[in-house]
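First comes the structure, then the notes that go with it.
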Amino acid sequence: MAKRIFSQPGDHIETTAPVTVSRYRGFTRANHWVTAGSLIVLLLSGMALFHPALYFLTGLFGGGQATRWLHPFVGVLLFFSFFILFLQLWRLNLPRAEDVTWVENIGDVLKGDEEKLPELGKYNAGQKFIFWAMSALIVVLIVSGVMVWEQYFPHLVSIPARRWAMLVHSLAAVAIILTFILHVYAAFWTRGTLRAMTRGTVTGGWAWKHHRKWLRELAGRERRGPAE
Amino acid sequence: MNIDLSRRGFLKLAGAGVAATSLGAMGFGEAEAAEQAHVRAFKLASMTETRNTCTYCSVACGILIYSKGDVAAGENAVITHIEGDADHPTNRGTLCPKGAALKDIVHSETRLTAPRIRRPGAAGFEEISWDEALDKIARALKDDRDANMVLTNDLGVPVNRWTTTGFLAASATTNETAWLTYKTVRAMGIVGFDNQARV
Amino acid sequence: MTNPWTDIKNTDLVIVMGGNAAEAHPCGFKWVTEAKARRGAKLIVVDPRFTRTASVSDYYAPIRPGSDITFLMALINWMIQNDRVQWDYVRNFTNAPFIVKDEFGWSDGLFSGYDPEKRDYDKSSWDYVIGEDGFAQVDMTLQNPRCVWNLLKEHVSRYTPELVAQVCGTPKDRFLHIAEMIGECAAPDKAMTSMYALGWTQHSKGAQNIRGMAMLQLVLGNIGVRGGGMNALRGHSNIQGLTDIGLMSNLLPGYMNVPTEAEPDLATYMSSRAFKPLRPGQTSYWQNYSKFFVSFMKAMWGDAATAQNEWAYHWLPKLDVPTYDVLRMFELMKAGKVNNYFCQGFNPLLAFPDRGKLTEAFSKLKLLVVMDPLETETARFWENHGEHNDVDTAAIQTEVIQLPTTCFAEDDGSLVNSGRWLQWHWAAGTPPGQSKRDTWIMSQIFQRVRTLYQDEGGILPEPILNLTWDYADPEEPTAEELAKEMNGRALADVHDLKDTAKLLTPAGKLLANFSQYRDDGSTMGACWIFSGSWTEDGNMMARRDNADPDDVGLFPNWTYAWPLNRRILYNRASADLQGKPWDASRKLMEWDGEKWAGYDVPDIAPTSKPGEVGPFIMNQEGTSRLFTRGMMRDGPFPTHMEPFESPIANVFNPEMRGNPVARVFVDDAEQFATSDEFPFVATSYRLTEHFHYWTKNNRINAALQPEFFVEISEELAALKGITRGGWVRVWSKRGSVKAKALVTKRLKPLQCGDKTVYVVGIPLHWGFVGAARKGWGPNSLTPFVGDANVETPEFKAFLVNIEPATGEAVS
Amino acid sequence: MTTDPKLDSPRTAVANPPIQPMPTNLGAGDVIRASAMPDLAPPTRELTPVAKLIDVSKCIGCKACQSACAEWNDTHPEIEHNTGVYENPHDLTPEMFTLMRFSEYDNPETGDLEWLIRKDGCMHCVDPGCLKACPAPGAIVQYSNGIVDFIHENCIGCGYCVTGCPFNIPRISQKTHVSYKCTLCSDRVAVGQGPACAKACPTQAIVFGHKEDMIAHAEERVADLKSRGYENAGIYDPEGVGGTHVFYVLHHADKPALYSNLPENPRISPVVEGWKGVTKTLGLAAIGLAAVGSVLHGLLGRANTVSAEDEHEAEELVDPNPPPERT
């Protein structure tokens, strides 16, 4: 079998008329939503402890003590959940030459005419940015988070170190929230994307428009299909 | 079709976020403390206050003992707190680390609450009644005194000395207890009589 | 204490030597900080350790344990050499002018009349020359070479700053600096106060340590004045009271004595207690001895004590030895000569020396009765606690009865503080479980014994059957009844001795004070010095008026001080021969032309003219004594004696070991060690976080000082390879303990001549019961020997060895 | 909340406590600052600032303050081991709000040994780092008399106060997961009494009263110390935290570090300031803007949609020659 370059095992054309392409298998989707869920819990509980104006959000988790208790555990959950996701996605998120051009012409992307741009694999530079930003920030957050986890590691690091950890943790948190917003927004703005994570498939048109190389590779595999 | 739906969903979510954050940033939706600021209820309110003297060294600091219930009124009284008596000329309300912790010597886990006896060779104490204990003691005293009282010396001088039973008196009991102790011990002729003055 | 705690604020200089006031008496020490803050007073601390008292001192000097006499005699010598003497005071208020017999002398560390066989002195030469008039001869010019002053001068001349450095290990410059600070207090308008405790008493020559400072205070004219005095900081809340009431082998209440075999009848007993004045016109208050004695006997046996039966003189025991003190009792116990022993609120297993010997002694008892509010090691001496009390339980046949008593918070009554204040207190709590008051327990025991004698008869039942017991409830006399018994009551009308028509107190009424005591059987009173504490005017001990006129610090209407509510003893000595205060700004008593007036109750008769009657009314001389005649067994002057266990030989007489007249039992003598096997000097002490062996039962004090430790210098730690917080083994010839090592800069090696002396500090608060961690007390190590005069054990200077130890102690 | 307007702050700790029930005189109306409550209602009245003065030169290290503190606050300090030092317990704990710290100092100038003993505990800063760091509304409050108190019902046990405090004072209980420290006996002060430690202190090295009185007293003490040769004696009332309501007289005010590392110039760490200041505000703003921005763009901007051609292209690609349509 020819080596996959722009797709990963499991990606395949599902129907031909109209064309639908399977983009994420069930496991990956579940994995994504667990990660997303825990991120949202962390976001809400974290924001509650981050700014008084949002302290009311502790109500969602049964009060301040419960929120204080819950946040770090969900953090650990997020870390491992995302780690599994990472193992599946990291290869196709490695940067490629065409990403540079794509970024240079981000304006056209926003205008919606991607015809001028080079054809892309499964992910565009934007998606890759979000992937790597998430990866990096989650590592920073888990490390700094453990350093200030009062209940289990009260004496893990010195108080000055804890102060830095708090600062870094909150900065990283702001960053990851912004990343998250971008991620969600892009997913909505680019119509036809959400179903990739809900139903697992995208329309051929969507794939053609946004990830043509990916589609070509899968199409190629189709043709070489059972006939041979 | 589903695009429209998702548009509506999108608006809802984003709207909530904006509302929360922007309102918060503008200082609306001020957080409220669950509990109003308050200090601990003053624990001596409605206690009985009794004046006493610290039981330790002979600076003899004045102390105030606070209790639930009033012994003077014949009630059952549980001591809840002890602190210095500010009216006392010597200590002016101050107390040392021992005096300041007097309450916990009164309520010490190693306080004795019942008469006990350790029989010869036994590995432990067993409880006995006051009557049994006191009768045993009285009997032991009488027998030993009758057996070993020295009535006269070689010169026939009456000496009435009892040396085979000894008594170590306390150092923190009241003068009144001391006098009663003195009286009984001397009357019996005990000479092996001492107190803590030396140590 | 000659002065109350609150008077310390009036001092110019405080010397804490032989004690550690800040740690053992923090709230009394408050008055030192007051004097410092308000008067700019200075504080000197002389101690082997840099204590918490030293931490707030103005000047500190180290001293080798057991060498205090040398330091004190050297101070007196320096005062004399540098004319820092309150001359008027010394000449008139001390026995400095008294002429001493020619036979008296001192050589090789011993006074005249020593008999090595008897280990005792023939004291006949230690006395004044008595003239034909029957009075002691004096030379007010102090020229006579045989007058006390010149003998003292000669005696102390040997104690130079160099000798101090050699014997005490105190650097010469430190000693001289202290001498100069103290010297300033020789001025009539300057006062120094001495605060001491067991750091001075717990030596084989403890009484002489205290004598030494008392003499210095007399030379400086600091006794009887505000801000001065000799202040013994008593250890326990009522140890002063128990001593006052005479709960000792050889005492009757109010410092009267139990008869001895040498006194076969009352006449003989009284003859040696006539206390005739040794100078014309002096008070010699003990002349009233018979009044106090007879009133005491009437308190004991009431109508059964009559003139015919010598007031029941023979119902009192007569002693064949000076005293059956605790050390002697344990010696007898060990020899199997004691059958029953009572411990009332006392924990001797930790309190007396040579724990091994104590355990052996207890094991020979038939019955041990322990009355206590708390668990004690004594009550469980038979219980095996591993290395902390390794005994063969089954082999111990002693029967132990443990009786639960109430504590301070659960009974009424009075306590005597260190300043002789009798303070009444009230019960606040209900006793736990079946615990009972000591008064109930003692009554029960006595009632039952008496019943046995009634029913069965027996040996000498009279003193028991006739003991006065006229209490409303014979089962439990009240504190009020007992207090009134001590104050004294008129049995018949009491009239004025001079104006016999004048009725002072009608029959049945309480006596106003001991001046109304009589020796004709018309009065009863158990403790004459307490008389006046509960009169017809009520309970003086319960007074709570804390007003302090002119802020002098005497609080005359706060409770009651014995004698006669007198707050400062010898207060007449606060004024000069004309009756003017030495220091107008510190007036105490003043002669106003007809009588003595001032803030306190005068010692002497209010109308006795200044210059005629001396201030020291209890003494036959009317003066204080720089020279004590034959009253102390080990010499009329203090002379340097080494501890029985010492790294250094006596500089005056290398042959002399310890105190030459201290009583030593044969077996114990063999247990004395030498410095070649036990090179380090150990001393015991209290820590401020704990009170003796009690507070280890208190969760809070246990948390503040949880575990047994010893303190050593960084130098000794280095020498022995001991690490801070590590385990060490400390052992003496008598026993061994395991402790944590507290390595500190506050203990430094002392250079005594060519010998370097390392001190090991051993606090005394741990045992094997209570909330704190299990440990030991210093008494596992200390020698079984007491002071020559009062048998106080030598806890403060003995020899040990030390090494690093491994492994957790079981706790 | 019943407060007696006539009752102001007590002037001394030398008094016997009342036993008749009386209204507490310290409450919500006296709070001038509360954690995570930026827009607090102004206090209903202004109490006179109080202070506890600790005169280190009078302190004998007896630990009476520790006893009195444990007894009054009903805490149960643990019975630990001896580790070769006098500090027991070995540090402040949720059960021990104050601690005597001992340091042995060989003074090079005089050649004398000095045993410097300091009572450690909450300083009740005018600008409290704990309060600034605390995320739980009303868990830490500052009363107009200067007392900084923890309202345990509101505490969530996050430990931010530990990072906020410049003196390393608050301790989180592993049992209750609530933060504890000296309350300056707010319950006693509320009924006109002083703190238990100040009342107990045998040498009155700890005194309590109106801050101005305490400053005056401290100045007398400093003068006395200077007369005894401590030229550098002085008051430790650090400016960096706006002054404190627990402050010291030191014989060596020039070297506070001698006293078991008393901070030279304590202030709320700039890191904490950064975290609780700019980060908090800008961070939230950024998040807010991002959210708002995306919403607006979502509403106004044109979405990126897939056209029919794209679908056709896809079909072309997947299957270039489709089967003929049936009719």
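These protein sequence lines are chains X, P, S and C, in that order. In terms of the working numbering, the first sequence opens at residue 1 and continues consecutively. In terms of the working numbering, the second sequence opens at residue 1001 and continues consecutively. In terms of the working numbering, the third sequence opens at residue 2001 and continues consecutively. In terms of the working numbering, the fourth sequence opens at residue 3001 and continues consecutively. A virtual CB, placed ideally from N, CA and C, is assigned to each residue, including glycine.
Residues that residue i contacts on chain C, provided the C-beta gap is smaller than 7 Å
| i | result |
| --- | --- |
| S/Thr2105 | Sequence inspection shows Gly at residue 2105 of chain S; the Thr mentioned does not correspond to that position. Chain C residues near S/Gly2105: none, gap ~43 Å exceeds 7 Å. |
| S/Ser2055 | Ile3060, Gly3061, Trp3115 and Ile3117 |
| S/Asn2180 | First, the residue type needs correcting, since residue 2180 of chain S is Glu and not Asn in the sequence shown. Residues of chain C passing the Cβ test: none, with the nearest at roughly 16 Å. |
| P/Ser1046 | Ile3019 and Pro3021 |
| P/Cys1096 | Cys3062, Ala3064 and Pro3202 |
| P/Glu1049 | Ile3019 |
Integer-rounded CB distance, given that residue j should sit under 8 Å from residue i
| i | j | result |
| --- | --- | --- |
| S/Phe2824 | S/Trp2087 | Summary: the structure shown does not reach residue 2824 of chain S, with chain S confined to residues 2001 through 2811, and so no result is reported for it. |
| S/Arg2746 | C/Glu3104 | 6 Å |
| C/Phe3208 | C/Thr3012 | 7 Å |
| S/Lys1962 | S/Pro2778 | The requested residue 1962 of chain S is not part of the displayed model; chain S covers only 2001 to 2811. |
| X/Leu77 | X/Ser38 | 5 Å |
| S/Leu2151 | S/Pro2638 | Wrong, their Cβ atoms sit about 13 Å apart, outside the cutoff. |
| S/Asp2519 | S/Val2294 | 4 Å |
Contact set for residue i: own chain, Cβ-Cβ below 6 Å, skip 5 residues either direction
| i | result |
| --- | --- |
| S/Ser2780 | Arg2355, Gly2735 and Val2737 |
| X/Arg195 | none |
| S/Pro2406 | Note that residue 2406 of chain S is Thr in the sequence shown here, rather than Pro. So the qualifying residues of the chain are Pro2431, Ser2435 and Arg2437. |
| S/Val2046 | Met2017, Ala2061 and Ile2063 |
Proximal chain P residues relative to residue i, where beta-carbon distance stays under 9 Å
| i | result |
| --- | --- |
| C/Gly3138 | Ala1031, Glu1032, Ala1033, Ala1034, Glu1035, Gln1036 and Ala1037 |
| C/Gly3027 | Gln1036, Ala1037, His1038 and Val1039 |
Within chain C, partners of residue i - CB distance below 8 Å
| i | result |
| --- | --- |
| X/Ser38 | Within 8 Å Cβ-Cβ: nothing; X/Ser38 doesn't reach chain C, min ~18 Å. |
| X/Phe50 | Pro3135, Lys3280, Gly3283 and Leu3284 |
Interface residues of chain S facing residue i [CB-CB closer than 7 Å]
| i | result |
| --- | --- |
| C/Glu3080 | Pro2706 |
| P/Ala1133 | Ile2401 and Leu2403 |
| C/Thr3083 | Gly2725 |
Chain C contact residues for residue i, given Cβ-Cβ distances below 9 Å
| i | result |
| --- | --- |
| S/Gly2767 | The premise fails here: S/Gly2767 is roughly 15 Å from chain C at the closest Cβ pair, so nothing lies under 9 Å. |
Residues near residue i by beta carbon distance below 8 Å, same chain, minus five either side
| i | result |
| --- | --- |
| S/Ala2434 | According to the sequence displayed, residue 2434 of chain S carries Gln and not Ala. Contacts found: Pro2404. |
Proximal residues of chain A, C-beta to C-beta of residue i below 8 Å
| i | result |
| --- | --- |
| P/Lys1103 | In summary, chain A is missing from the structure at hand, where the protein chains are X, P, S and C. |
Chain S contact residues for residue i, given Cβ-Cβ distances below 8 Å
| i | result |
| --- | --- |
| P/Lys1206 | Chain P is shown only over 1001 to 1199; residue 1206 of chain P falls outside these bounds and no answer can be derived. |
Own chain, CB closer than 7 Å to residue i, minus 5 neighbours either side, in chain order
| i | result |
| --- | --- |
| S/Asn2257 | Asn2250 and Leu2251 |
| S/Arg2699 | Ala2771 |
| P/Phe1028 | The predicted position of P/Phe1028 is uncertain, since its pLDDT is 47 and thus under 50; a value taken from the coordinates is nonetheless stated next. For P/Phe1028, where only same-chain residues beyond five positions count, there are no Cβ hits under 7 Å. |
Legend entry - Residues, ordered as in the chain, of the segment 2698–2711 of chain S that lie near chain P by beta-carbon distance below 7 Å: Of all residues in the segment 2698–2711 of chain S, Asn2698, Arg2699, Ile2700, Asn2701 and Leu2704 have a Cβ within less than 7 Å of some Cβ in chain P.
Inset, instruction - Determine contact between the segment 2753–2760 of chain S and the segment 2678–2697 of chain S, defined as no fewer than three beta-carbon pairs at a distance below 8 Å. - result: Touching, per the Cβ criterion.
Inset, instruction - Please determine if the segment 2209–2223 of chain S and the segment 2032–2050 of chain S are in contact, where contact requires at least 3 C-beta pairs separated by less than 8 Å. - result: Contact fails: fewer than three Cβ-Cβ distances are below 8 Å.
Legend entry - Any 3 or more C-beta pairs closer than 8 Å across the segment 2050–2059 of chain S and the segment 3059–3076 of chain C: Under the Cβ criterion (8 Å, minimum of three pairs), the segment 2050–2059 of chain S counts as touching the segment 3059–3076 of chain C.
Legend entry - the segment 2782–2801 of chain S / the segment 2064–2072 of chain S touching (three or more Cβ pairs under 8 Å): Inter-segment contact for the segment 2782–2801 of chain S and the segment 2064–2072 of chain S is present: three or more beta-carbon pairs are separated by less than 8 Å.
Legend entry - Segment contact, 8 Å Cβ cut-off, at least three pairs: the segment 2006–2013 of chain S with the segment 1177–1193 of chain P: Counting Cβ pairs under 8 Å, fewer than three are found: no touch.
Inset, instruction - For the segment 141–164 of chain X, enumerate the residues whose C-beta is nearer than 8 Å to any C-beta of chain C, in chain order. - result: Within the segment 141–164 of chain X, the residues whose Cβ lies closer than 8 Å to any Cβ of chain C are, in chain order, Val148, Glu150, Gln151, Pro154, Ile159, Pro160, Arg162, Arg163 and Trp164.
Legend entry - Near-chain C residues of the segment 1069–1093 of chain P (beta-carbon distance less than 8 Å), N- to C-terminal order: Per Cβ criterion, the list reads His1081, Ile1082, Glu1083, Gly1084, Asp1085, Ala1086, Asp1087, Asn1091, Arg1092 and Gly1093.
Legend entry - Inter-stretch contact at 8 Å, needing at least 3 Cβ pairs: the segment 3013–3020 of chain C / the segment 3183–3202 of chain C: Under the Cβ criterion (8 Å, minimum of three pairs), the segment 3013–3020 of chain C counts as touching the segment 3183–3202 of chain C.
Inset, instruction - May I ask you to list, following chain order, the residues of the segment 3167–3180 of chain C that have a beta carbon less than 7 Å from some beta carbon of chain X? - result: From the segment 3167–3180 of chain C, only Asn3168, Ile3172 and His3177 have a Cβ closer than 7 Å to chain X.
Legend entry - Contact set between the segment 1113–1133 of chain P and chain C, restricted to residues whose Cβ is under 8 Å from the partner: Within the segment 1113–1133 of chain P, no residue qualifies.
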